[in-house]
Each structure stands twice: as C-alpha cells, then as structure tokens.
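Numbered per the working numbering, the sequence shown spans residues 12 to 114. A short worksheet on the structure shown next.
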Amino acid sequence: MPSDDALPELPEGVRLERLPPASRRVRYPPPEWAVWLGPDRIGMIEQWRVPSASATFYRATATDPRTGKSIPLESNTDLRERIDKVLAAWHEPERFIHKSSWD
C-alpha cells in the first residue's frame, strides 16, 4: 500500500490529491486519489484489496472532458499504469466508452 511519499513518478502536469475518507465509520478506509491535469480533475483512483489475496489493486475512473460523465476503467495492480490510463481516457474518451451491442 503506497503512502503519499511512495507514489510513483507522475507524467508532467499530472498530480494526485489524496481524498478524505468517504465515511468515518470505517476504521481503516482504503486510500482514494483525485487525478489532476493542470486545473482539471480528470479522474479518480481507489485502492482495494481482495481479502484472500496479497495483491493491492487500483480501480480507476476517468472523466469525459466533453460531457463530464464518469468512464469506468478496469482495475490493475500497477498504480502508475492506472494513472496513465486515466490520462489516456481524458485525451481520447471514445476509446474507453463501451457501447451496447443493442444500439
């Protein structure tokens, strides 16, 4: 579990901001970060764990710059890769928006 001082090197112009816990009822809430590119909040990353596994996963959600809607992205054990994926989804959201086969 990375602490704020153990975060990976970030692409130029990108910063992570640790968010306060969503609930005070949870004793040790998993960390969440807002991903910023300059003045724009481009997504969020949430850390989570599978109770029976030792790996730490990161769930990413990007923001569509045109609509402001959330774009859910897959989870991964590599935090830097999730940051890169949020950045890619910000620049090319159409690559990450899933369309229903019924449309």
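Every residue gets a Cβ at the ideal spot worked out from N, C-alpha and C, and that includes glycine. All figures in this text were calculated on a predicted structure; none of them were measured in a lab.
Query: A100 - containing beta strand (DSSP E), residue span; Result: Segment L90 to H102 is the alpha helix (DSSP H) holding A100; no beta strand (DSSP E) there.
Query: Three or more C-beta pairs below 8 angstroms linking the stretch 58-77 and the stretch 18-26; Result: no
Query: R29, DSSP secondary structure in three states; Result: strand
Query: Identity of the residue in A71, N87 and R36 nearest W44 by Cα; Result: A71
Query: Residues that DSSP places opposite P83 in a beta bridge; Result: T72
Query: CB contact flag (R93, I56, <8 angstroms); Result: yes
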